[in-house]
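What follows is a set of notes on a single structure, which appears directly below.
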Amino acid sequence: MAGFALAAFVGAAAGSLGGPWRASAPVGCARVRPGWVASAHAPAAVRTRRLCGAPRARGARGTTRMLSALEDDGEQIKRFVLQRALQTVMFYMRTCRDTPTADWLERFLELPGLNEYHGLDGLREPWRMTVTRLFAEPPTSIVVQSIPRNRAGSGNNPYLPPKVLTMAFDIVPQRIALRVLDCTLEVAQECADDLGLMSQENDQIRRAYVAGSGSASIRASTYPTLAHEPEGTSKSAFRGGTYDLLKRLVTREAARGAIKALEPGPGAQWLARFYKANGAAFDGESRYHVGDDFLKALLAEMPAVSSGGVVDPKAIADGILDQREAVAERLREQLASVPGDVQDIKRDFLEKGFR
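Taking mature numbering (1 follows the signal peptide of the UniProt record, and there is no 0), I'd label the letters of the sequence shown as residues -18 to -1, 1 to 337.
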C-alpha cells in the first residue's frame, strides 16, 4: 500500500507540472516510448494492433491435447490471472499519472501493447517466473522529462521557447511485484466468483432457444456477472473484459472436450471440422464475444447426414454447455490454490532478504 501511495504521489506531482512525461536515456535506461492509454470499459471490438510476441489467432490444433487448460495443474488459468492483474496494475498506474512506471513494467516484460491485449495468451513464460524475475530485478532510476502546457497563458507563444522540466524517477521492482500479487489475489477471486455463474449462463442460453427467440439473443442475455452483481461491490477495472475471456476459455476447452468425448463417432469429425472453421478466434488476440458467437453459429447449424449416421448440432451444443460447467468448476478448483501460491512467493522473497 505504501508503494502504491508513493507512486500515486509522484505521478500526481508529474501531472501537476503539465504535459505528458517521458523517460530519457542518461541513467542507463532506454528512452521510453509513449504508452497507449488503456480503457476501463470494454469496447465493442478490440483494435487490430497485435501484442508483439503473442500468437496470432489460428485454427484448431486437432484432438490430441483437448483439455490443455485442465491438465496443466492450473498453470494456464493462473498465467491468465497474472496477465489480467498486470494489465489492471498498468491501467491504475496510468490513471494515477504514473506513466513512467507503467512504461518501465511494459519494457521489463518485453510485451509492448500488453495494456490493450484482449486474449488468453498474453504471457509467454510460467506465471511464477514472471513474478520471481520482477522481485529479483534491482532498483533503478530513470530521468523523466516534461514540457509544461500553456506557457505564459499560451501554448503557441513564439517568443517563449519550450522549457523542459527534468526529474529523477526511482523504480523499485519489488514494490511493483507486491502490487501485482495483491491485484492477482483480487482478480483470482473475481474469476472464481464469475466462473460460478456458468450454470446461469447456460440456463439463459437454453431458455432463449427453447422460447424461440433465436440465436441472435444469446449475446444480449448472457451477462449474469454484470447484471446480478450486488450494488456497492468493488471490482477491478477490467472485470467485464476478464469475464468475456473466461467465457472464451471455458467454451474453447468445452468444445475440445466434446470432440474427444464424441470419438470415434461421426459427431467428433463433424465438430472438429466445425471448430476448425469457426474456432480460430479462440486463440491469440481477438474480438469480444468469441465464446457467444461460437455457440450462436453452432446452434444455427442444420442436422447433417454422414456415412456414420445423423449429426445433430443442437445436441452437440447441449453437450458443450454441460462441458462448460464442468470446465468452469475445474478452473475454480485450480484458482483456490492462488492465495497459497502468492504467500509462498512473498515468503521466498522475505527469506532471501534476510540472507
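Even glycine gets a Cβ: it sits at the ideal position worked out from N, Cα and C.
This one's a predicted model, so the numbers in the text were calculated from it and none came from an experiment.
Paired residues, beta bridge with residue i - DSSP
{"i": "valine 154", "result": "Paired residues: none, contrary to the question."}
{"i": "residue 384", "result": "There is no way to answer for residue 384, as the model of the chain reaches only from -18 to 337."}
{"i": "proline 149", "result": "Checking the sequence, you will find methionine at residue 149 rather than proline. According to DSSP, methionine 149 bridges with Val126."}
{"i": "alanine 286", "result": "Val293"}
Residue burial classification, residue i (beta-carbon count within 10 angstroms, cutoff 16)
{"i": "valine 287", "result": "exposed"}
{"i": "proline 140", "result": "exposed"}
{"i": "proline 155", "result": "buried"}
{"i": "threonine 148", "result": "exposed"}
{"i": "aspartate 275", "result": "buried"}
{"i": "leucine 317", "result": "buried"}
{"i": "glycine 223", "result": "buried"}
{"i": "proline 295", "result": "buried"}
{"i": "serine 218", "result": "buried"}
{"i": "leucine 142", "result": "exposed"}
{"i": "arginine 188", "result": "exposed"}
{"i": "lysine 258", "result": "exposed"}
{"i": "arginine 329", "result": "exposed"}
{"i": "alanine 150", "result": "exposed"}
{"i": "aspartate 185", "result": "exposed"}
Extent of the continuous beta strand (DSSP E) to which residue i belongs
{"i": "glycine 239", "result": "It is not in any beta strand (DSSP E) - glycine 239 instead sits in the alpha helix (DSSP H) that spans 221 to 244."}
Enclosing alpha helix (DSSP H) for residue i [first to last residue]
{"i": "phenylalanine 336", "result": "Counting along the chain, phenylalanine 336 falls outside any alpha helix (DSSP H), and DSSP gives it neither H nor E."}
{"i": "leucine 250", "result": "With the sequence shown as reference, residue 250 is identified as alanine, and leucine is not the correct amino acid for it. Alanine 250 -> alpha helix (DSSP H) spans 248 to 260."}
{"i": "alanine 82", "result": "Strictly speaking, residue 82 in this sequence is proline, with alanine absent from that position. Element bounds for proline 82: 81 to 91."}
{"i": "glycine 104", "result": "Element bounds for glycine 104: n/a, residue is neither H nor E."}
{"i": "glutamate 267", "result": "Here glutamate 267 belongs to no alpha helix (DSSP H), and DSSP marks it neither H nor E."}
{"i": "leucine 68", "result": "57 to 77"}
{"i": "leucine 116", "result": "109 to 118"}
Distance cut-off 8 Å: residue i Cβ against heavy atoms of the ligand FMN
{"i": "glycine 247", "result": "Only the bare structure without any ligand can be found here, which leaves the ligand FMN out of the picture."}
Exercise. Taking 8 Å as the threshold, find out whether the region 173 to 183 comes into contact with the region 84 to 98 through three or more Cβ pairs.
Key: no
Should the region 319 to 333 be called in touch with the region 163 to 172, which here means at least 3 C-beta pairs below 8 Å?
yes
Please confirm if the region 298 to 315 is in contact with the region 223 to 236, defined as three or more CB-CB distances below 8 Å between the two stretches.
-> yes
- Message: Whether or not the region 260 to 272 and the region 90 to 105 are in contact is what I'm after, with contact meaning three or more pairs of Cβ atoms, one per stretch, closer than 8 Å; do they touch?
- Response: yes
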